[in-house]
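Heads up, the thing below is written out as C-alpha cells.
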C-alpha cells in the first residue's frame, strides 16, 4: 500500500464535520474495544475500522490527542436506539469514504458500520443493510 503524501500543518488541521448515528449496541461495542486499546476515542475507533476496510489512513489519525472515554449505553437502553455524534475527519478520509460508498452503493453511515464489523465487532442484521439513501 502506497504511503500518503505529506500534508502541510495547515492541511492537517483542515477537518470536515459530519453527523453520524449508530445503534446503541454499536456504541457499547466501541466502548469495549476502547477498553483494550489505549489512547482511543470514538473517532479513532471509527478511523481504525476504515483502515480495516483498506482505506489509506495517516497513523496520526489513529491516535487520540484527547482520549475521551466512549460512553457506554445503559442496559435499559434499547440496543437499536440511535446514538448521535459529530465526527471530524480530514478531507482525504472523507474523499475515500465517499468513493467507497459510491462504489459499493451504500450510505456513508454504512461504511462506518462495515468498518466496525471489520474490526471484529458484532453487527446485527438490522444494521447490515444500508437503509440510508445513496449519496
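Residue numbers (our numbering): 7 to 141. In this text, a Cβ means the ideal position worked out from N, Cα and C, and glycines have one as well.
Reference residue i; option with closest CA among the options
{"i": "residue 47", "options": "110, 112 and 36", "result": "36"}
{"i": "residue 24", "options": "100, 75, 88 and 70", "result": "100"}
{"i": "residue 45", "options": "65, 61, 60 and 134", "result": "65"}
C-alpha gap between residue i and residue j, whole angstroms
{"i": "residue 110", "j": "residue 117", "result": "9 Å"}
{"i": "residue 55", "j": "residue 20", "result": "21 Å"}
{"i": "residue 96", "j": "residue 71", "result": "14 Å"}
{"i": "residue 114", "j": "residue 107", "result": "6 Å"}
{"i": "residue 103", "j": "residue 82", "result": "33 Å"}
{"i": "residue 105", "j": "residue 84", "result": "33 Å"}
{"i": "residue 123", "j": "residue 129", "result": "6 Å"}
{"i": "residue 132", "j": "residue 28", "result": "11 Å"}
{"i": "residue 8", "j": "residue 121", "result": "Interpretation of residue 8 is limited by its pLDDT of 48, a score under 50 that renders its predicted location unreliable; the figure taken from the coordinates is listed afterwards. In a straight line, the C-alpha of residue 8 is about 20 Å away from that of residue 121."}
{"i": "residue 74", "j": "residue 127", "result": "20 Å"}
{"i": "residue 60", "j": "residue 98", "result": "14 Å"}
{"i": "residue 69", "j": "residue 43", "result": "10 Å"}
{"i": "residue 62", "j": "residue 49", "result": "16 Å"}
{"i": "residue 58", "j": "residue 112", "result": "17 Å"}
Cβ-Cβ distance between residue i and residue j below 7 Å
{"i": "residue 67", "j": "residue 53", "result": "yes"}
{"i": "residue 79", "j": "residue 38", "result": "no"}
{"i": "residue 26", "j": "residue 93", "result": "yes"}
{"i": "residue 76", "j": "residue 135", "result": "no"}
{"i": "residue 119", "j": "residue 33", "result": "no"}
Boundaries (first-last residue) of the beta strand (DSSP E) holding residue i
{"i": "residue 96", "result": "88-96"}
For residue i: DSSP bridge partner residues
{"i": "residue 25", "result": "92"}
Test: residue i CB closer than 7 Å to a CB of chain C
{"i": "residue 131", "result": "No chain C is present in this structure, which holds just one protein chain."}
Boundaries (first-last residue) of the alpha helix (DSSP H) holding residue i
{"i": "residue 40", "result": "30-42"}
{"i": "residue 115", "result": "114-124"}
{"i": "residue 55", "result": "48-58"}
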